[in-house]
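Visitor: Dropping a structure here in structure tokens format, bear with me for questions.
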Amino acid sequence: MTTPTLSTFRRIVVKVGSSLLVDQTQGEVKRAWLEALADDLADLHRDGRDVLVVSSGSIALGRSVLKLPGGPLKLEDSQAAAAVGQIALASAWSEILSARGMTAGQILVTLNDTEERRRYLNARATIGRLVEMRAVPIINENDTVATTEIRYGDNDRLAARVATMASADLLVLLSDVDGLYDAPPNEDPNAKLIPVVPRITAQIEAMAGGAASELSRGGMRTKVEAAKIAVGGGAHMVIADGRVAHPVRAIAQGARCTWFLTPSNPITARKKWIAGSLEPRGVVHVDAGAARAIVKGGSLLPAGVIRVEGAFARGDCVLIRDAGGAEIGRGLVAYDAAEAGQLVGRNSRDIEAVLGAPGRAEMIHRDDMALVGD
């Protein structure tokens with residue numbers, strides 16, 4: 202089976218764990234390692250790739266500054282450590298990327314931001330705009346406000362959600378192991394690395410173990426769970442050893458790692474999700490011109506809308522029907538029903554005047570739309 206190469210990917214999410222980024226004895230950023238990784242990211246960036254980073258480390262850095270004891274922290278202490286450490290983490294990324302000609306943008310998210318469709322659309326739009334402007338989003342869980350009930354608990358799954366949300370075609374999990382083994386390598390000297398996982402089976406899931414280090418909240422189990430999310434969203438995923446200098450470059454040069462393959466791509470996976478997994482909450486009727494534009498791959502603008510039906514909220518899935526009532530597709534609507542009703546037939550440049558605040562130019566963006574027959 203052919204192993205993918207980094208040169209084939211357009212948008213890459215790189216996940217960095219606390220145990221790689223933070224010196225456990227000093228409680229400080231491993232500058233030399235981070236600078237080497239930044240060199241790798243700069244190479245991708247100069248080559249025209251979209252680069253996003255999901256970075257842990259805020260709690261590990263903050264607990265050192267606040268001189269909190271080792272071991273598990275109480276929730277309020279963890280949140281305090283994150284508040285202090287996030288400043289140091291963002292500063293390190295910004296400084297090191299800037300030295301290589303890249304602009305860093307910080308995004309803090311909670312579980313609700315990727316599960317609730319309205320907030321999902323906001324986060325997706327922000328990430329998309331940063332990438333369009335050639336900035337590098339540095340994304341972390343917002344540990345200052347996330348409670349036990351609404352947190353990911355590890356950044357492997359967060360990275361997979363981000364990869365899906367950003368329509369990335371590759372997720373790189375840099376880890377303290379070099380891939381998935383058929384047995385725990387620290388216990389079984391005969392354990393064999395699995396270089397390629399074409400499909401995640403029950404047998405593959407059974408190979409996963411627990412957390413490997415004190416600072417890391419994730420283990421191989423969470424990485425396999427992340428792989429299920431990523432490949433379901435149309436992204437390949439690779440687990441590789443992040444302890445080496447230039448870890449992304451090492452992957453490109455054929456270092457030992459495990460690739461999880463997807464049969465899909467981000468666009469088709471997203472359209473499948475919109476078309477088959479979401480219950481429509483309303484209907485948007487469009488005129489003949491808008492219907493033609495949509496079929497040709499365009500977005501739906503307010504000017505092409507004839508009327509709206511239903512009590513939908515922003516981010517809900519709605520049906521799109523032509524002037525004759527035939528369904529031509531469905532998509533995630535950028536306005537709630539009341540706002541959409543006010544914008545029927547209006548030019549996009551009138552949105553601020555009508556609603557009293559700026560809004561998105563598209564009623565339904567083409568990236569948030571699945572057509573009949575897709």
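Under the working numbering, the first residue of the sequence shown carries the number 202, and numbering increases by one thereafter.
Idealized CB from N, CA, C, for every residue including glycine.
Bridge partners of K473, per DSSP?
Guide: DSSP lists no partner for K473.
Visitor: Count the other CB atoms, across all protein chains shown, that sit within 10 Å of the CB of M438; report buried if there are 16 or more and exposed otherwise.
Guide: Classification of M438: buried, given that the 10 Å Cβ count is 16 or more.
Visitor: Using 8 angstroms as the Cβ pair cut-off and three pairs as the minimum, do the region 250–259 and the region 219–226 touch?
Guide: Flag = yes, the region 250–259 and the region 219–226 touch.
Visitor: Per DSSP, K216 forms a beta bridge with which residues?
Guide: V255, L374, per the DSSP bridge assignment.
Visitor: Looking at C-beta atoms only, is the number of pairs between the region 383–393 and the region 316–328 that lie closer than 8 angstroms three or more?
Guide: As far as the Cβ criterion goes, the region 383–393 does not touch the region 316–328, which means the pair count is below three.
Visitor: From T209 to A491, what distance separates their C-alpha atoms?
Guide: Between T209 and A491, the C-alpha separation is close to 35 angstroms.
Visitor: Alpha carbons only, please: which of S368, Q307, Q287 is nearest the one belonging to P338?
Guide: With distances taken between Cα atoms, P338 lies closest to Q307.
Visitor: What separation, rounded to the nearest whole angstrom, lies between the Cα atoms of R247 and E528?
Guide: Between R247 and E528, the C-alpha separation is close to 43 angstroms.
Visitor: Locate the beta strand (DSSP E) running through I340, then write down its first and last residues.
Guide: Looking at the DSSP string, the run of the beta strand (DSSP E) that includes I340 is 336–342.
Visitor: Alpha carbon to alpha carbon, how far is R422 from G574?
Guide: One C-alpha to the other measures close to 37 angstroms.
Visitor: Quick check on DSSP: helix, strand or coil for L249?
Guide: It is worth fixing the name first, because residue 249 is Gly in this sequence and not Leu. In this structure, G249 counts as coil in the three-state DSSP scheme.
Visitor: In three-state terms, what does DSSP make of L416?
Guide: Its pLDDT being 39, under 50, L416 is placed unreliably in this model, and the coordinates cannot settle the point.
Visitor: If R508 and V545 are in contact, beta carbons under 8 angstroms, what's the gap, nearest whole angstrom?
Guide: 6 angstroms between Cβ atoms; contact.
Visitor: Alpha carbons only, please: which of P396, S219, N313 is nearest the one belonging to G228?
Guide: Out of P396, S219, N313, S219 has the C-alpha closest to the C-alpha of G228.
Visitor: Confirm, please, whether the CB-CB distance from A436 to D370 is below 7 angstroms.
Guide: Yes.
Visitor: Hey, would you say T311 sits closer than 7 angstroms to N341, going by beta carbons?
Guide: No, the pair does not count as a contact, with Cβ atoms beyond the cut-off.
Visitor: Near A243, which residues of its chain fall below 6 angstroms by C-beta distance, leaving aside the five closest residues on each side in sequence?
Guide: Once the five neighbours on either side are set aside, the close Cβ partners of A243 are R301.
Visitor: For the beta strand (DSSP E) that contains T459, what are its first and last residues?
Guide: T459 -> beta strand (DSSP E) spans 458–461.
Visitor: Kindly indicate which three-state DSSP category D224 falls into: helix, strand or coil?
Guide: Residue state, collapsed to three classes: strand.
Visitor: Taking all protein chains shown into account, decide if T463 is buried (16 or more other Cβ within 10 angstroms of its Cβ) or exposed.
Guide: When all chains shown are included, T463 counts as buried.
Visitor: Is it buried or exposed, S265, if we count other Cβ atoms within 10 angstroms and call 16 or more buried?
Guide: When all chains shown are included, S265 counts as buried.
Visitor: Reducing DSSP to helix, strand and coil, say where R454 ends up.
Guide: Looking at the sequence itself, residue 454 is Gln, so the reference to Arg does not match. In this structure, Q454 counts as coil in the three-state DSSP scheme.
Visitor: What residue range is occupied by the uninterrupted beta strand (DSSP E) comprising G329?
Guide: Note, G329: premise wrong, no beta strand (DSSP E); alpha helix (DSSP H) at 318–333.
Visitor: Quick one: residues in its chain with C-beta nearer than 7 angstroms to the C-beta of I297, no 5 flanking neighbours on either side, listed in chain order?
Guide: If we look at I297 and ignore the five residues flanking it on each side, its Cβ neighbours are L235, E236, A239.
Visitor: Contact between the region 444–460 and the region 479–490: three or more CB pairs below 8 angstroms?
Guide: No contact exists between the region 444–460 and the region 479–490.
Visitor: Take the Cβ of E563 as the centre, count every other Cβ of all protein chains shown within 10 Å, and call the residue buried at 16 or more, exposed below.
Guide: By the 10 Å Cβ count, E563 comes out buried.
Visitor: With a floor of 3 residues, list each beta strand (DSSP E) that falls wholly inside the region 493–544, ordered by position along the chain.
Guide: If we require 3 residues or more, the beta strand (DSSP E) runs fully inside the region 493–544 come out as 506–511, 518–522, 528–533.
Visitor: Does DSSP put L238 in a helix, in a strand, or in coil?
Guide: In this structure, L238 counts as helix in the three-state DSSP scheme.
Visitor: Does the Cβ of E553 have 16 or more other Cβ atoms within 10 Å, making it buried, or fewer, making it exposed?
Guide: Under this definition E553 is an exposed residue.
Visitor: Would P448 be called buried (16 or more neighbouring beta carbons within 10 Å of its own) or exposed?
Guide: Buried, because 16 or more other Cβ atoms sit within 10 Å of the Cβ of P448.
Visitor: Which residue wins for smallest C-alpha separation from S376, given the options V425, A367, K497?
Guide: Of the candidates V425, A367, K497, the one whose C-alpha sits nearest the C-alpha of S376 is V425.
Visitor: Evaluate the contact criterion for the region 527–543 versus the region 282–292: three or more CB pairs, one atom per stretch, below 8 angstroms.
Guide: No: the two stretches stay apart, fewer than three of their Cβ pairs being nearer than 8 angstroms.
Visitor: Which value, in whole angstroms, describes the spacing of the CA atoms of I401 and R358?
Guide: C-alpha separation (whole angstroms): 16 angstroms.
Visitor: Please look up how many angstroms separate the CB atoms of K216 and A360, rounded, as I've assumed it's under 8 angstroms.
Guide: Sure, about 4 angstroms apart at Cβ, within 8 angstroms.
Visitor: What first and last residue would you give for the beta strand (DSSP E) that runs through G433?
Guide: Run containing G433: none in the beta strand (DSSP E); it sits in the alpha helix (DSSP H), 421–433.
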